[in-house]
Each structure stands twice: as structure tokens, then as C-alpha cells.
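If you're matching them up, the sequences are chains A and B in order. Numbering of the first sequence is given in the numbering used here, commencing with residue 2 and proceeding in unit increments. Numbering of the second sequence is given in the numbering used here, commencing with residue 2 and proceeding in unit increments. Even glycine gets a Cβ: it sits at the ideal position worked out from N, Cα and C. Note that this is a predicted model, so its numbers are computed, not measured.
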Amino acid sequence: MSIRCNRVLMIVLLAVAALVSWPIENRVSAAEGAQPAQWRLIWTTDPATSATLAWSTSLAGKEHRVHLRQEGSDQVVAIEAYRNGRYSGKSPELYYHYVKFDDLQPATKYHVEIESDGNRSRSMFFITAPDEDVPFSILFGADSRSGLQERRKMNAMLSNMVTESYQGDRAPILAFVHAGDFIVNGLKLDQWSVWMSDHELTVGDDGRLLPIIPARGNHDVGEIFNEVFAFPAKEQTNYYAINLSPEVRMVTLNSETSIAGDQTKWLATELADSRPKNRWLLAQYHRPAFPAVKRPAISLLYWVPLFEEYNVDMACEGDGHNIKRTPPIRASKIDPTGVTYIGEGGLGVGQRTPDTERWYLRPPHAKTGSEHHVQLLTFDKEKLMYRVVLFGGEVFDEHTLAVRPAEQRAAKVSK
Amino acid sequence: MGENGRGGDRVTGIMPEKNGTIAWLLRVTVALQCLGNWRWLAQIGESPLLSWLLGPVDVGGLGWSEATALATHSAIGWAALVAGVCVLVRPCFVVTLPLVLLQLCITIAMWRIGYGFKPLLVWLPPEVGALFPFLTQAARISAPLGLLLLVSWGGKDRSGEQRAGVATSLMRWAIGVTFFAHGVEALQHHPAFIDLLIGTAWRLFGAGLPQSGAERLLTIIGVLDVAIALACVATKIRGVLWWMAIWGGITAVSRTTAFGFEISWHQMLVRMPHVGVPIVVVLLWHLLPCSQSARDEE
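So, in C-alpha cells, the structure goes:
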């Protein structure tokens, strides 16, 4: 008996040792020398007048700047990087650089060329958010952490969608709202490096940069997230709110830091202040309160009551790896005055099957699916048009939210 | 396989008339852990194990199809429930070994998919930090492993007594390591711990604990946890282990006080080893010398 048991234990130990030594594939992207690469235009402050341009180099370099020119002007302004440094993580050797643009003109095209130690990027451009109440669109998605081929294909599709949106009388796509899980292991720079290189695919052939509004996902732990998206060093909060137009406000929350603490207090203040001032009020965060696959995050206890109290129009969630649109929900019931929850991440990651037995996912009030997708939100004065776009451009789901009556936007709902 | 063919209601290598309590304590601990695992895997249906099974191979997963992964995941949950019942009836080798493997697999899954808290230390390579679940889960692995070594293996000869000594050391280190890891998490103000404190204060006392207050409490808790962990492995003070058992119980129950019993009772049960293991070690410390002296008298 004893000998047999020892043999069994030996086999078990060998199996465990084999598993432990089984490597996870590393993929390293190429930023070469001091040649600028991996550019990201980031919107975490007022996008009508400001933006942050971040990029990477493989060498530390000495001089990093961006040459900025406003459309219609010959004047080129060189803006020095306000912060340079090495990304956390040993491999690959990679350096970040940020330039912050302030005092920009709203709804204006700006041409940029990035320069590091005399090496210049190609000429690109971006357009600031409008300060007038005009129709526009944004892209929403999450979970680009795995399925790298699909991620690249998706990024190329986003680029095409943005280019097309500026043709004819369409509502142009202003930005890309990403609800987190960019990569698998937030502590591994090699994975972030590949993501940053892949993100270049969102840049149009004409050089149009797609601004990103990032939220932290559960896989995006650690300092590199801050470094990729130009948040202050050691930032733990990563929650903020910006106006995409005078009437549309996007609140980005962080489901990976304390939910019940300061963040909920901040959210209450933010919603109380912004609800009466905006026609459309949305929130994005990673872990879902009304999940289609997983169990609810504790945001259900702390954030959802505030969403309902202040009549948030739509909550954009990630993490579940499926397509989801709930009916409007208030007090755990379907209610036309409630909050609509969409999600849950399909920018590359393998898709799960939603549990349509859940009360908030049953057709015909809800719509769910399991394909790679991005969600297109179009705002105008009367409605918010929601579309789920699959690879190839097929529209999987289309839904319209009517604008809330003025009295719902003016005051909070009594508990 | 149990001693005297009685289904393993006694710990091997220790005076039979004094060890029934230890065997039953371990059996109940593991049975409750199994019940929690059943709820987690078969009912809740979401765990790091499932994410590992589903995850693509290139990012550390096994790349199974969703249907296969879900069926396997659920089957493992139900098997854990059956094993939990068997542990109470007859904790033989074929029951306890798979339970050890289950806890190991959950831990490996956490490591492979990067699940759970990661210590944010500049000097710590991410590959090493990713192994943190092996520390946090050590006590949960040690409960069925202790049961296997102490009860399932059988034999009341000298090797049984040696095995009891090994099991005692193993469980002592496991609970010490787990306490240390939780201390590190507390010192780094793990957000989930902050929300546990705020949620518990709100639900139990109707009091709004500010985040800064929760963070100060966590610093104190973290220092205490690390100190207790060091004392556990460096000394043989029984009060240290009793403290671990009480604090382990409080932290296990805190899941239900913070988020409600209905949705999180399984989280409390899977942490039962944090209560049972330190008590078992204390009792073994008490009994092993008795066994030795009785043998000497013979």
C-alpha cells in the first residue's frame, strides 16, 4: 500500500511540475531604436480642448516632441514631451513619452508628427470633440486581451468604420471607449507592447488617429496600465468623467479598485452634478452589474442604485465575453424609465454563451449573442441609436433609446 | 484504508483514544470546503478553474470548448459534493487524493490565468508575483492533504507517527504562509478587502466606514497577520494558532456580512480550512508528545 501510494504521489508531483514549467507564450512587438511607434491618442480630460498623445521607443532617447499644426494654418508648434520614462517590466526594453495638448479649438482638425531624437513618425491627425450640440457616434468595446488575430482584424475594422463615418451626412465617430481587459496579464510588458502595436491598426490609411477612452479591467493590474494611458504614476483610481459634446457625458469607472469606498462617493457627486446638464449620461466600467454569463459584481450594490437615482441612460460593461443589451432596468425590474446595460466584450477574446434564462436577458426585451463585435452608439437630440457591428459590418442588433423627458434629467429619483 | 478498518475516524500514529477529535475536525473542515466548492463550481458556475479550461492556450489556458469546459467544471463541482459526503462517511485515499488535486488545480488555474491579487512590488518579477495564489491557497490545499496523510493513509506503526509529524509541519507552514500572503494583501490595501470592511460596517452596524478608515484598519490587520504568520512558523505558541483560527473564521464570515449570505455563503465555506487547520495543528501539538511518551512507556 505504502509503495503504491508513494508511486501515485510521485506521478502527481511530476504532473504538477510539468504544469508549472509549461511556459506561456511571449510575443514581443517591435519598436525599434528611437523611432516613434505604438502611438495612442488618449482622452481622459476635456476632449474639446485637450488630448494626450503617447508613444513608445526602444531607446530612451533624449529629445521627444510632437509637431502640431492646426488645419488651415501654416504654423507648426513643437511641444516637448512632459514625461518620459521606461515602462515597468524588464522585457522588452521600452520607453514611454507623453505630450499633452491644451487650449485646443473644439471640432478642429490637428495634424501631428511625433519626433524622438530626430526620428519622425508619419504625419497623422485627430479631430477634437465638438462644443456644439451636433450628432456624433462613439465606438464601445471591451476585452481585447486574447484572440490576437481577431483583435487585429477588429482594429482594422474600427479604422474603416471611422473613415466611413466621416463620409456623407453620417454622424462621425469621435472616439473608442474601451471597458478594459486590454491584455491577459497587466504586469507583463510584452503583452502590452503587442497591444500597443496592434492599436496602431486603428489609425486610418489617411493618418486619422482614433482617440481612446480607457477603463481598467481585472486583467489590467499594475503600473503599466497607467504608463500606457498616461495616468499619473501609482494612480489607483483611474475613474474620471468627460463630456464628448455639450450634451453627452461619459463616466468611466474602475471596477478593479475599491468600489464601495471613495469611488461611490465621487460617483454620487458626479452624477448629481452632470445629470441636469446633459441630455445623455453614460457610464462604462469592466465588471458587469447585470452580467450575461458571470455573477454580478458588487457594483450592483453600490453603483446601480446611483445609476437609477440619477437616471443614467446607459451603462457599458465588459468582462463577460458576449453581446448583451438588457431592457431598461429599475429596482430589479423592467421599467421604461430604467437604465439599459450593454456589453460585454468582444474585441478579440473568445465568446461565451449568454444565459438567456436570466430575467433581464429574456427576449424580446433583451438581445444577446456570441460573436466578436463592437458597439456603435450614435447620439442626436431625439435619440441614442445603439448598433452591434460584427466582423464584415453586419449589424447584429439595433435599438433606439428615446431621450428622457426633461423632468427625469432635471432631478434625481427619490429612493 | 482507515485505521482498524473503521473508515478512518482516527489519526494514524497517535494514541487512538485521544485522536478522534482531530480526525473529525479535519473531516468536517474538508466536508464544508467541499460543499463550498460544489456551490462555487456546479451552482455559481464561475471560477478560475473554468477560466483556465476556457482560456486560449497562448495565454495560459487549456483552450477547451465552452460546452466541454462547463460540463467538466460542473461535474467536478458535483464530484466535490459527493467527495464531501464520503469524507464524513469514509475518508479513504481515493476520496482525499482527488480533493488535494482539486485544490491544486484551482491554484494552478489562478496562477495560469493571473486570477486574484498580485503583490505590487517593484523588485518582484511578474513571473514570481504570478505565483502568489500558491501562498494564498496553501491552507486550502493543506486541509485535504492533512486528512490524506493523517487519516486516509492508515497504518499505526512508526511510519504513521512520522507521517503525523510531517502533516503537522505541513499544515502549520501552510496556514502560516496563507496568513503571510493575506497580510501582504492587507498591507497593500487590496481593494476587495477595503470593500469587505466597508460592506460589513454598513450591513452589520449601519455605519459608513470611510475608505481612509478601512485602509488604516487594513494596515493594522496586515501587520498583525504578518507577525502572526512569522510566529506560527517560528514558535510553538498555541495562542498564535488559536488567534489564527478565530481570525480565519471572522474573515471567512465577512464575505457573507459584506455581500449577503445568499450570494456568498460558498465563499465562507471554501475558507473553512483557515479555521480548521490551525485548530488541528494545536491539537496535534498536544497529542503528538503524548503519543511519543506513551510509546516510550511501552
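Beta-bridge partners of leucine 69(A) (DSSP): Val78(A) and Val113(A).
Separation of the CB atoms of asparagine 156(A) and aspartate 199(A) is rounded to 6 Å, and the pair is thereby assigned contact status at 8 Å. Sixteen is the threshold: when 16 or more other Cβ atoms of the shown chains lie within 10 Å of the Cβ of proline 48(A), as they do, the residue is buried. Between alanine 273(A) and the set Thr238(A), Asn312(A), Thr164(A) and Lys235(A), the nearest pair of CA atoms involves Asn312(A). Of the residues assessed, serine 124(A) falls on the exposed side of the cut-off, its CB having fewer than 16 other CB atoms within 10 angstroms. Judged by DSSP secondary structure, tyrosine 96(A) falls outside any alpha helix (DSSP H) and instead within the beta strand (DSSP E) spanning 96 to 102. In the structure shown, threonine 50(A) adopts coil according to DSSP, grouped into three states.
Of the candidates Ile176(B), Trp203(B) and Asp196(B), the residue whose Cα lies closest to the Cα of valine 227(B) is Ile176(B). Your pair aspartate 263(A) and glutamine 212(B) checks out as a contact, with CB atoms roughly 5 Å apart and the cut at 8 Å.
Rounded to whole angstroms, the Cβ separation of proline 192(B) and glutamate 257(A) is 7 Å, and the two are in contact under 8 Å. Residue nearest to histidine 267(B) within the set Ile247(B), Cys233(B) and Arg256(B) is Arg256(B) (criterion: CA-CA distance). Under the three-state reduction of DSSP output, glutamate 383(A) falls in the coil class, being neither helix nor strand.
Think of a sphere of 8 Å around the beta carbon of phenylalanine 180(B): no beta carbon from chain A falls inside it, the nearest being about 23 Å out.
Excluding its 5 nearest sequence neighbours in each direction, glutamate 94(A) has C-beta neighbours in its own chain below 7 Å: Ser59, listed in chain order.
Burial check for histidine 74(B): the Cβ neighbour count within 10 Å reaches 16 or more, so the residue is buried. In this structure, alanine 176(A) lies near alanine 130(A), with their beta-carbon atoms less than 9 Å apart. Contact annotation: serine 259(A) and isoleucine 195(B) have beta-carbon atoms nearer than 9 Å. Between glycine 56(B) and chain A, the shortest Cβ-Cβ separation is below 9 Å. Under the DSSP assignment, glutamate 228(A) falls in the alpha helix (DSSP H) whose first and last residues are 225 to 229. DSSP, read as helix, strand or coil, puts lysine 154(A) in helix. Ser48(B) is the residue among Ala24(B), Ser48(B), Gly21(B) and Thr22(B) whose C-alpha sits nearest the C-alpha of valine 271(B).
The alpha-carbon separation between valine 276(B) and valine 224(B) amounts to approximately 20 Å. The segment 217 to 237 of chain A and the segment 53 to 70 of chain A touch, with no fewer than 3 CB-CB distances between them shorter than 8 Å. Per DSSP, the continuous beta strand (DSSP E) segment holding glutamine 39(A) begins and ends at 38 to 43. Under the Cβ criterion of 9 Å, histidine 374(A) is not counted among the residues facing chain B. Contact of glutamate 67(B) with chain A by beta-carbon distance below 9 Å involves Gly351, Gln352, Arg353, Thr354 and Ser371. Contact between valine 282(B) and methionine 172(B) is confirmed by a C-beta separation of about 5 Å, below the 8 Å threshold.
Non-local beta-carbon contacts of leucine 188(A) in its own chain, meaning distances under 6 Å to residues more than five positions away in sequence, involve Gly223 in chain order. The C-beta of lysine 91(A) comes closer than 9 Å to at least one C-beta of chain B.
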